[in-house]
Amino acid sequence: MKQELVITLIIFILLIVKLGKEETKNETLINLVNILLALNLFSGFLFQQSGTLFGDMFRTSQLFTFEKNLLNLGTLIISLQSYNWLKRHKHVPEFYILLLSTLLGMFFMISSNNLLMFYLALELSTIPLAALANFDLEKKRSSEAAFKMIISSAFSSGLLLFGISMLYGSTGTLSFIELPAHLNGNPLQIFSFILLIAGFGFKISAVPFHLWTADVYEGAPVAVTSYLSVISKGAILFVLVSVLYNAFAPLNESWYNILFLISVLTMIIGNLFALRQQNMKRFLAFSSIAQVGFILIGITGYSAEGSASVIFFVLIYIFSNLAAFGVINLVSTVTGRENLNDYKGFYKNNRDLSWVLAIALFSLGGIPPTAGFFGKFFLLLAGAGRGNYLLITIAALNMVISLYYYLKVIKAIFMDTNDDPIEPVKTGWSPRLAMIICIAGIIITGLASGAYNYIYSLFS
Amino acid sequence: MNLSLLILVPLITAVAILLVKGLKQVRTIALFGSAAQLILAFALFFFYRQERVGGNSSSFLFENNYTWYEPLNINYHVGVDGISIAMILLTAFVVIAGVLVSWKMEKLSKEFFFLLIFLSLGAYGFFIALDLFTLFFFLEVAVIPKFLLIGIWGSGKKEYSAMKLALMLMGGSALVFVGLAGIYFNTNINGVHSFDLTQIAGMNIPIEVQKLFFPFAFIGFGVFTALFPFHTWVPDGHSSAPTAASMFLAGISMKLGGYGCLRVATYLMPDAAHEYSTIIIVLACIAILYGAFATMMQTDLKYINAYSSVSHCGFVLLGIGMLTKTAIDGAVMQMVSHGLMTALFFAVIGMIYDRTHTRQVAQLGGLMKMMPFISTVFVIAGLCSLGLPGFSGFVAEMTVFMGSWQKADAFYRIATIIACASIVVTAVYILRATGKAIMGPVVNNEHLSLGDAGWNERLAAGLLIIGIVMIGIVPFLLKDLINPATQTMIQKIVAVIK
């Protein structure tokens, strides 16, 4: 509960600042929030408790605290990265209030012990996000993105609610603890379960529920796009693992087949669409769809290795994807250029940024010695533990396809020439710090086994 | 001796390269680093011999085993036997030669040498790994530097070649991954799965499992060593790469595949290797013949050497497919021999190209007049390639043929004869290229003003030639080195066949 309280406190501080008479300078405000977020992150590691609250609606344990810390870390990195963009924005306090409200929603979602609580938290985390997607106030695309997002998430929430109500009708309970005893796999339960999965699928943009992703990612400001693709996805994945492995454990044969199908489709379609993208944000959007396909394979493992590998991968994914988005964020804020063709000859003027982007893409593509290699390897290994080698063969070959488009960007950066390359981009201390954190994370998390061993120990 | 030094030295060299500025400093560090590698490799060789002479008969020496990912039973486990040491020596020779021939690399020199050294790190790690995860890790470490080396510093259709190479090799390692996962989940040592090569070798994996996963592992590694029909990256990759990268590709990287086929696929799954040996032999023969005939049609010196590499690496696979002691000895010797020979060939082609700016045989002629040293080296490399006695090529190919002939069955006999026949074709294309480009009349009078090799090029070529001639004249040095290792391997295989 402590983490939720700290976030709420920060939100209230921001509200008071906003309501106060004096205008605060943007820079001071951003720095203040960054410091508060850092404090929040550190406080997350202290006094860890476990137990339940509110009549078993809310639970917490070391694992959930760790997951929340990961989300905290990601939010801090995004906040540091967006410094250049935010300092010229008119509504900084509102941005942070909305951002932190969604984070709060995700915390409650992770800790939820009841489908109703889960639904409530999900809504808290989605609606402010749609407002955030609209935060490039002058751009029409940004409002379009917000609108698409609110409609599609309303639809998916509808599906989810429908599923929840039918599940309640069939089992008579919504508590994650009591559910397993009442699940016997009758058609009504399977049907409602499929609706639930569809709801989840929308949020993690798994195929065939992915259609909103690319437009929203392209239209929203880069900071919000990276938040959507990493933090919001990560949170839902955490919940998905714990729900499938515990509450829906009796249905594991059925959800195994569903996940098998979804993950194969997600990987293949995400990859095929990513091949053709010219806009970097759209490109990362589709590549992140493909990544979700790989994560689902880890979930199909249905073992301690499976859940550990998923959380480990999300940790790595936070570092890798945010490093990539960080560079794109900087370039887009300073020069306004977002296309793959603009990145041709990028290495000429921006050596450090090029390497950051390259390392991030290698990690996303699963090339050692970056952490992405370890993450992917463990996901697929967990999937193979179930004995389905067809699935991991498809996945391994899909990794090759995904490597093609990551290497295409690398090729543009290092090998192609351009008459009008991107000018040297100035990085402030704050985005630079974010990138150092990401790169250090990418290199260390995999080679040193501490993180994985810790996550695994939380499951046994 | 601590084997991790073989990883640490390149790592330190690579980091040091990042810290300094300017071509001179960078190349000096790279040279010192690669010299240290060579010294280390020789030290390893002598310590190994001492241990063996002292009567140490365990199959792997200088083992180090640290826990890496405990929940998954993944360890950083390293150790060497004769085959690994032969490969490590080969790598050290090629690396220092590669650094020497790139002495005047002006374009982005820091990145270039960093990637070269990083690539060697991957190769060393691969050759000393005794844990399949560690092995796979280093296998993939060695892929991406090649992509960048070819794409940034290459020539011709470099982006296409770089992409093709990277994707085909990653496809190969994707297959290897499936094979390794299959092995992992079918081992059960005290209730846990294992990636440990020595442990897996000690147990018998059920034959159905072997038959399922052997093709994944063998084809996966086979892609690296130009197994037909997955050889298509070889000609493009080699010919577009800058000189040092071609040397690394042909000299080291293709050997990763051969070593993997032998150490992982064949050694761990001997039943399946026996089962599939016919297919392997047929594919190897196709590669040998097809490579040889394809070379006849080439006019570009690099393409000539690249296609001939396909043919020569076919001998490695043929030796492995035959599954007799002598043939496997021959396969390992062919790996070392081909590595040295082809590195020398690419080095000398690079030297010629630097001066004449062409690699087309038709535009070259009478090089012996202007650059006697380079021309002589070219001739030596050519003669080694066509298997002249006194050079390593003869020893290695002869051993493969001897080993193959031991199999008294019409099929194996025919395969051996086909493979032998390819030597004639090899002689044709080598002698033709030599005759036209090196001897023959001077084609372009501008070439008359060109100078001969500098000290760095002489040193590079000299080192490689020493290796080739040593193996050619005192082959038992290499033979004795790899003997205990192949002996253990063959015992496991023979037990299966009977």
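Here the protein sequences line up with chains A and B, keeping their order. All the letters of the first sequence, read from the start, carry residue numbers 675 to 1134 under the working numbering. All the letters of the second sequence, read from the start, carry residue numbers 163 to 660 under the working numbering. Yeah, the Cβ is synthetic: ideal placement off N, Cα and C, and Gly gets one too.
Spatially closest choice to residue i from the options, by CA coordinates
i, options, result
"B/Asp-433", "B/Ile-201, B/Ser-282, B/Ile-191 and B/Val-656", "B/Val-656"
"A/Gly-1057", "A/Phe-1047, A/Asn-1092 and A/Ile-971", "A/Ile-971"
"A/Phe-740", "A/Ile-851, A/Phe-1051 and A/Lys-676", "A/Lys-676"
"A/Ala-1086", "B/Lys-272, B/Tyr-322 and B/Val-215", "B/Tyr-322"
"A/Gln-1103", "A/Asn-787, A/Gly-1000, A/Trp-1029 and A/Ser-1134", "Residue identity differs from the one stated: residue 1103 of chain A is Trp in this sequence, not Gln. Checking every option, the nearest Cα to that of A/Trp-1103 belongs to A/Gly-1000."
"A/Thr-1007", "A/Gln-951, A/Lys-1100, A/Leu-841 and A/Phe-1048", "A/Lys-1100"
"B/Ala-615", "B/Met-332, B/Gln-361 and B/Val-539", "B/Val-539"
"B/Leu-169", "B/Ile-441, B/Ala-623, B/Gly-195 and B/Ile-511", "For the record, residue 169 of chain B in the displayed sequence is Ile; it is not Leu. Checked all of B/Ile-441, B/Ala-623, B/Gly-195 and B/Ile-511; the closest Cα to B/Ile-169 is B/Gly-195."
"B/Thr-518", "B/Ala-570, B/Leu-451 and B/Ala-599", "B/Ala-599"
"B/Leu-180", "B/Asn-235, B/Leu-234 and B/Phe-280", "B/Phe-280"
"A/Ser-903", "A/His-765, A/Ser-994 and A/Leu-1065", "A/Ser-994"
"B/Asp-358", "B/Lys-320, B/Leu-430 and B/Ile-482", "B/Leu-430"
C-beta neighbour in chain A for residue i, strict 7 angstroms
i, result
"B/Gly-333", "yes"
"B/Leu-548", "no"
"B/Ile-306", "yes"
"B/Ala-343", "yes"
"B/Phe-289", "no"
"B/Phe-299", "yes"
"B/Glu-321", "yes"
Residue environment, residue i, which counts as buried when at least 16 other CB atoms sit within 10 Å
i, result
"B/Asp-491", "buried"
"B/Tyr-591", "buried"
"A/Phe-716", "exposed"
"A/Ser-753", "buried"
"B/Ser-220", "exposed"
"B/Lys-417", "buried"
"B/Ile-414", "buried"
"B/Ala-115", "This structure leaves residue 115 of chain B out entirely; chain B is present only between 163 and 660."
"B/Val-182", "exposed"
"B/Leu-283", "buried"
Separation of residue j from residue i, as counted between CA atoms
i, j, result
"A/Ile-1113", "B/Thr-387", "34 angstroms"
"B/Ala-489", "B/Ser-566", "6 angstroms"
"A/Gly-944", "A/Ala-888", "10 angstroms"
"B/Met-267", "B/Ala-406", "10 angstroms"
"A/Ile-1075", "B/Leu-329", "8 angstroms"
"A/Asn-708", "A/Leu-935", "41 angstroms"
"A/Ala-1069", "A/Ile-973", "14 angstroms"
"A/Ile-990", "A/Ile-1116", "7 angstroms"
"A/His-856", "A/Thr-845", "5 angstroms"
"A/Ile-963", "A/Pro-802", "22 angstroms"
"A/Ser-1136", "A/Ile-878", "Absent from the model: residue 1136 of chain A. The displayed extent of chain A is 675 to 1134, so no value can be given."
"A/Val-890", "A/Leu-958", "12 angstroms"
"A/Gly-744", "A/Tyr-1080", "With the sequence shown as reference, residue 744 of chain A is identified as Leu, and Gly is not the correct amino acid for it. Near 25 angstroms, if we compare the C-alpha coordinates of A/Tyr-1080 and A/Leu-744."
"A/Pro-1098", "A/Ile-1002", "14 angstroms"
"A/Leu-918", "B/Gln-212", "58 angstroms"
Minimum Cβ-Cβ distance from residue i to chain B less than 7 angstroms
i, result
"A/Ala-1058", "yes"
"A/Ile-1068", "no"
"A/Tyr-1130", "yes"
"A/Ser-1123", "yes"
"A/Tyr-757", "no"
"A/Leu-790", "no"
"A/Leu-1077", "yes"
Proximal chain B residues relative to residue i, where beta-carbon distance stays under 9 angstroms
i, result
"A/Asn-1127", "Tyr-231, Glu-232 and Pro-233"
"A/Phe-829", "Within chain B, no residue comes near A/Phe-829; the closest Cβ sits about 37 angstroms away, beyond 9 angstroms."
Under 7 angstroms by beta carbon: chain A residues contacting residue i
i, result
"B/Glu-225", "Near B/Glu-225 there are no residues of chain A at all, since even the closest Cβ is about 20 angstroms away, more than 7 angstroms."
"B/Val-303", "Pro-1042 and Pro-1043"
Within chain B, the residues that residue i reaches when beta carbons sit closer than 7 angstroms
i, result
"A/Val-1074", "Leu-329, Met-332, Gly-333 and Ala-336"
Interface partners of residue i on chain A, CB under 9 angstroms
i, result
"B/Gly-313", "Leu-1081, Ile-1084, Lys-1085, Phe-1088 and Met-1089"
"B/Met-325", "Tyr-1078, Leu-1081, Lys-1082 and Lys-1085"
Residues that residue i contacts on chain B, provided the C-beta gap is smaller than 8 angstroms
i, result
"A/Leu-1054", "Phe-339 and Ala-343"
"A/Leu-1071", "Gly-333 and Ala-336"
"A/Phe-1036", "Ile-306"
"A/Glu-979", "Pro-233 and Leu-234"
Interface residues of chain A facing residue i [CB-CB closer than 8 angstroms]
i, result
"B/Met-497", "In chain order: nothing, as chain A lies at least about 24 angstroms away."
"B/Met-267", "Ordered by position in chain A, no residue passes the 8 angstroms Cβ test against B/Met-267, which lies about 16 angstroms from the chain."
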